[in-house]
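Reading through the structure tokens given below for one structure.
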Amino acid sequence: MIRVMIVEDQKMIRSLLESYITKEEGYCVAASVPGANQAVELCRGGDIDLVLMDVQTEPRENGLTAAERIRRARPEMKIIIVTSLVDHEVLKTAKAAGADSLWYKDADEGTFMDVVRRTMAGERIFP
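When you line the sequence shown up against this note's numbering, it's residues 1 to 127, in that order.
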């Protein structure tokens, strides 16, 4: 079972991502939190395989900085940055932070879950 943490400050988006993961065979939501710093702490426990990380989280915490901290502490953990910011600098910073993939929130469920599966299989996906 692949254990997923969702890090998203918008409740509706977080709930939507939770539903995508819950429906996917072999995946479960291990944690769902609004803040990036909380995610870093939870990742230290070792019960997470994949982090879906928003770029800006509550309370105005930087998801890209948190992703970099998680990567240093847990290099084996997969990290997908999930954002609505279509910005070359965000893409560049996500790669530099060690994210495995980046995808946009406006993707449909099938496309998004394809990115999740491919990332877990070892691909690095950046639009």
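For every residue, glycine included, the Cβ atom is placed at its ideal position computed from N, Cα and C.
CB of residue i within 8 Å of CB of residue j, strictly
i	j	result
MET120	LEU50	yes
ASP9	ASP54	yes
ALA67	ARG44	no
Counted within 10 angstroms of its Cβ, other Cβ atoms place residue i as buried (16 or more) or exposed
i	result
GLU123	exposed
ASP87	exposed
MET179	Residue 179 falls outside the range modelled here, since the chain spans only 1 to 127, and no answer is possible.
Assumed close pair residue i, residue j - CB separation to whole angstroms, cut-off 8 Å
i	j	result
SER32	ARG3	With 8 Å as the limit, SER32 and ARG3 do not qualify as a contact, their Cβ atoms being about 12 Å apart.
VAL29	GLU18	5 Å
ARG71	VAL40	Between VAL40 and ARG71 the Cβ distance is about 11 Å, and since that is not below 8 Å, they are no contact.
ALA94	LEU85	About 10 Å; that fails the 8 Å criterion.
GLU61	ALA36	4 Å
Three-state secondary structure assigned by DSSP to residue i
i	result
GLU89	helix
GLY98	coil
First through last residue of the beta strand (DSSP E) which encompasses residue i
i	result
ARG3	2-7
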